[in-house]
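Which chain is which? The protein sequence lines are A and B, in order.
Per our numbering, the very first residue in the first sequence carries number 42; after that it's consecutive.
Per our numbering, the very first residue in the second sequence carries number 42; after that it's consecutive.
Yeah, the Cβ is synthetic: ideal placement off N, Cα and C, and Gly gets one too.
A quick write-up on the structure given underneath.
2 protein chains.
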Amino acid sequence: MRLNRINNNDLEAFRLMVGPDRFSIGESVLNLHSKDQSRHSPSLPEAVIWPMNASEIAEILRYANEHLIPVTAWGSGSSLEGNPIPVEGGLVLDFSQMNRILDIREEDFQADVEPGVIYKDLNKKLRHKGLFFAPDPGADATLGGMIANNSSGTRTVRYGSTRDNILRLSVVLANGEIIHTGSRSSKSSSGYDLVRLFVGSEGTLGLVVEATVRLVGIPGEFSAAIVTFPTVESAGRAVYEIIRSGMNPSALELLAPECIELINREHELGLKVAPTLFMEYDGPSVQQLAELLDMTKEICEEVGCDEFRPGLGMTERDRLFKARHELAEIIMRNHPGCSHMAIDIAVPITAYPEMIAMAIEDRKNSGIPTYIFSHAGDGNLHIVFEGKTGDEKEWAVIEEMNERIISKALSMDGTATGEHGVGIGKRRFMAAEHGNSLEWMKKIKTLFDPNGILNPGKIFE
Amino acid sequence: MRLNRINNNDLEAFRLMVGPDRFSIGESVLNLHSKDQSRHSPSLPEAVIWPMNASEIAEILRYANEHLIPVTAWGSGSSLEGNPIPVEGGLVLDFSQMNRILDIREEDFQADVEPGVIYKDLNKKLRHKGLFFAPDPGADATLGGMIANNSSGTRTVRYGSTRDNILRLSVVLANGEIIHTGSRSSKSSSGYDLVRLFVGSEGTLGLVVEATVRLVGIPGEFSAAIVTFPTVESAGRAVYEIIRSGMNPSALELLAPECIELINREHELGLKVAPTLFMEYDGPSVQQLAELLDMTKEICEEVGCDEFRPGLGMTERDRLFKARHELAEIIMRNHPGCSHMAIDIAVPITAYPEMIAMAIEDRKNSGIPTYIFSHAGDGNLHIVFEGKTGDEKEWAVIEEMNERIISKALSMDGTATGEHGVGIGKRRFMAAEHGNSLEWMKKIKTLFDPNGILNPGKIFE
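So, in structure tokens, the structure goes:
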């Protein structure tokens, strides 16, 4: 189905739907909605609307569907695979004004939110109730963006990804229909699980306008440790041994020396520049955590760590988490004139040491600035390459490494994307990863959005 | 689409596909595959096949799809809502010979299994490796049946339902196509989540022929307690207070006195006949568990419990779990000449005390044998009514209570079925629960199975 450009009649129609204050075709606004934090080329939308509620969005989609106008949802633009870039132009719906926390039912461990809520703001609001929403992708991600990409982060090793923490969704479909799916019960066997179908669908099946999220109690006690190793490989082996021991850390992050150097510089952390594991346990009692750290220390020493530094205070831990969350941005800032490629593979934990070794080898051979860090406890490995923008030779090398690493991960029963989503950059790996089930994903797409107006050009090639 | 009866040509074709040993039209075989453990009327299949592998099933489905012959998958027949009853006749595929554990990758906490594996057998095999598959519906459920119904059980409050513990599926679709979906990575944001779409679809979208399941380490320490209360309502309030405290028990079961009486009689447990909570904590250290039980005791005493008996030994705990798992069967055995209706609502935990109160009130008014027990920690309440088979007056009363209780649960944002699935018995509540998202479930059904040959007459009216 060929999509249309927005003509003057359409512009007028859209403007009338929401009024002039929440509609823009201004150049700077279009520019702001033309790219995310990825290397992918910007693409301008033709108009931006800030919707306020489901019925407005329903009206907009009915019109867009009838006139074959692309519609792409926009959270905070923090995604890393071009997920919200309006590659076919059309309309961008910026959800930043649908940012109300509608209800917090603390005794049910649930909150109802609009998609424009930034998850950090939700957690600020929840803190004095002793609760939090666990998935933490870093950046200023919105709940809507997190739902679209099934985002996760440092605490996913313990608390799951966004998909595991969503109970109920209200969604506007391409035809303007509003549906509610899921329930507020913590479990259900009632019909097909549409909630988890929409989570991770990157705005290609429908637009989420409200979500009921699951909350978690803030644990009584935390205990964090920093461990340095002689090599990234040995740190990787320690990760594998910790996970297979079943000790269930609440964070288990690996940072290669080049990452430590950067966060030292920007956050004055004074960490030893070495392959580093940053780990955290949480639980109800100090003694239990001390036991866990003792067992972890034993494992790390057997693998041959250099230094095991337990008992990080809350302040130091918070600074470290903050630095870790900002790492991707820090890397970008430190390479002006470069574009970056972020690998996001995830593999079964037994395959993890081999993936690390491969990344190290590739870096050695290429000479291109490469940053290795990972949500190691999930087998989720990030490798960020910084290539000079426009340097075709360098980018050919990066593309080749990207291809090799992802193919290797797939051959080990892993996935091309652990948490960033498919967007633009991972589309070409979908056939290799999913085989003919990819065709069934396309059929589901066509079922929900027969004209292909919702976030066209994503997930599928 | 009108489905066909199996004619002699079809019979011959099916027989040739698998050979005479794994094909039957014998009366006793057909009878054995005509009903599950529910009250729903038996319905005979016209033939039964015991398939051995995916390609056989693909061939069978291609033929059945072309000739519009109903095909219903069969695990162990332990379901409670008529889920596998072949209401339109046709072919039953009995998976009992596809019961191989294909691979246990203990260091990845994963196993690959065929659908006919009984979960208890898997757990027996895993025990000496210190691992287990957490969902525990009781009975002799097969993995395939558990996947079909998104089954759960006593430990779901801690470890999730079947849906949360499946990573990857191989599925034969109605047209005979074999697809593989998901990966062996513990997390992924790669395309639409077809795995969780198939889990809970009750064999209506495709037939699972292989699954990669997530395993959990057997915790180092357990501590269990039995607590009695003056009323079921006060026990229900204690459940609510324990859950909202965030203490995360690994089991939190409520049993009304009539259930205690039955399991005492059958298992000689000598328990006090009173409203009872049976709870368990697990974790790495004895001291941590002692602390949790102390906090739980405080809560129960504040609510006004009669007796708090902590420190149950492993033997007593195992006997209690066994009795709890067999409870549904014990109830049935004790009411010869009766049929039973099993309510399986689940609600947000704040709504739980009110649901309990309503059930008690209904029992008082009706005079019909009623058993109240529940996976209380999940807000999942079972109420089993035993009505004389064929007694229309009694059954009208039961139907009315069923209707009232489910409607109440839905009005409190709960679900009509927490773990038994929709099958036949909960179909008529689907419209009320899902609104117009039910139409989208139907469209997905039609997409995957346009002729409607897979388990016809289930989920949808």
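Coil, strand or helix - residue i by DSSP
i: Asp-347(B); result: coil
i: Tyr-233(B); result: coil
i: Val-254(B); result: strand
i: Ile-110(B); result: coil
i: Thr-458(A); result: strand
i: Leu-312(B); result: coil
i: Thr-79(A); result: The question names Thr, yet the displayed sequence has Ser at residue 79(A). Note: Ser-79(A) maps to coil in three-state DSSP.
i: Lys-142(A); result: Note that residue 142(A) corresponds to Ile in the displayed sequence, not to Lys. Looking at Ile-142(A) - three-state DSSP - the assignment turns out to be strand.
i: Thr-174(A); result: Reading off the sequence, residue 174(A) comes out as Phe, not Thr. DSSP places Phe-174(A) in coil when its eight states are reduced to three.
i: Ile-66(A); result: coil
i: Leu-44(B); result: coil
i: Ile-485(B); result: helix
i: Leu-334(A); result: helix
Rounded C-alpha distance that separates residue i from residue j
i: Pro-377(B); j: Thr-356(B); result: 31 Å
i: Glu-370(B); j: Cys-341(B); result: 30 Å
i: Thr-16(B); j: Asp-177(A); result: As shown, chain B starts at 42 and ends at 502. That puts residue 16(B) outside it, with no answer to give.
i: Ala-105(A); j: Ile-500(B); result: 34 Å
i: Arg-445(A); j: Ser-407(A); result: 13 Å
i: Gly-130(A); j: Ser-79(B); result: 55 Å
i: Ala-114(B); j: Val-425(A); result: 47 Å
i: Pro-156(A); j: Ile-142(A); result: 9 Å
i: Ile-66(B); j: Ile-110(B); result: 15 Å
i: His-308(B); j: Arg-360(B); result: 8 Å
i: Ala-358(B); j: Phe-489(B); result: The sequence given here has Arg at residue 358(B), not Ala. Their backbone Cα atoms lie some 45 Å apart in a straight line.
i: Ala-472(B); j: Ala-297(A); result: 53 Å
i: Glu-348(A); j: Leu-312(A); result: 12 Å
i: Trp-91(A); j: Thr-391(B); result: 35 Å
i: Arg-46(B); j: Glu-87(B); result: 8 Å
i: Asp-149(B); j: Glu-282(A); result: 11 Å
i: Gln-506(A); j: Gly-455(B); result: Any answer about residue 506(A) is impossible in this case: the structure gives chain A only from 42 up to 502.
i: Lys-405(B); j: Ala-276(B); result: 18 Å
i: Gly-498(A); j: Ile-220(A); result: 24 Å
i: Tyr-263(B); j: Leu-330(B); result: Tyr is not the amino acid found at residue 263(B); the sequence shown has Phe there. Distance between the alpha carbons of Phe-263(B) and Leu-330(B) is about 7 Å.
i: Val-89(B); j: Asp-51(B); result: 13 Å
i: Ala-182(B); j: Ser-286(A); result: 29 Å
i: Lys-434(A); j: Glu-441(A); result: 11 Å
i: Ala-315(B); j: Ile-397(B); result: 15 Å
i: His-475(B); j: Lys-484(B); result: 14 Å
i: Ser-478(A); j: Thr-222(B); result: 6 Å
i: Arg-374(A); j: Asp-385(A); result: 20 Å
Residues bridged to residue i (per DSSP)
i: Thr-317(B); result: Thr-269(B) and Leu-296(B)
i: Trp-115(A); result: Asp-135(A)
i: Met-382(B); result: Phe-426(B)
i: Leu-495(A); result: Val-112(A)
i: Ala-88(B); result: Leu-132(B)
i: Glu-262(B); result: Gly-324(B)
i: Gln-151(A); result: Arg-146(A) and Arg-255(A)
i: Asn-421(B); result: Ala-387(B) and His-416(B)
i: Val-249(B); result: Val-212(B)
i: Ile-159(A); result: Thr-183(A)
Contact set between residue i and chain C, taken where Cβ atoms lie within less than 8 Å
i: Met-471(B); result: Protein chains A and B are contained in the structure displayed, whereas chain C is not.
Does the segment 447-465 of chain B touch the segment 113-123 of chain B, meaning 3 or more C-beta pairs lie closer than 8 Å? yes
Considering only residues of the segment 177-223 of chain B, which uninterrupted beta strand (DSSP E) runs meet the minimum length of 3 residues and lie entirely inside it, listed in chain order? Within the segment 177-223 of chain B, the complete beta strand (DSSP E) runs of at least 3 residues fall at 207-213 and 219-223.
Taking three-plus beta-carbon pairs below 8 Å as touching, is the segment 446-454 of chain A in contact with the segment 412-419 of chain A? Taking a cut-off of 8 Å on C-beta distances, the segment 446-454 of chain A does not touch the segment 412-419 of chain A, as fewer than three cross pairs fall below it.
Decide if the segment 298-316 of chain A is in contact with the segment 264-271 of chain A; the criterion is three or more beta carbon pairs, one per stretch, under 8 Å apart. yes
Is there contact between the segment 232-246 of chain B and the segment 234-246 of chain A, where contact requires at least three CB pairs shorter than 8 Å? yes
Contact the segment 281-291 of chain B vs the segment 195-210 of chain B: 3+ CB pairs below 8 Å: yes
Where in the segment 364-416 of chain B do unbroken runs of the alpha helix (DSSP H), each at least 4 residues long, occur, reported from the N-terminal end onward? DSSP runs (the alpha helix (DSSP H)) wholly in the segment 364-416 of chain B: 393-407.
Report yes or no: do the segment 312-324 of chain B and the segment 240-254 of chain B share at least 3 C-beta pairs separated by less than 8 Å? no
Three or more C-beta pairs under 8 Å: does that hold for the segment 208-215 of chain A against the segment 85-100 of chain A? yes
Touch check for the segment 426-440 of chain B and the segment 379-387 of chain B: three-plus C-beta pairs under 8 Å? yes
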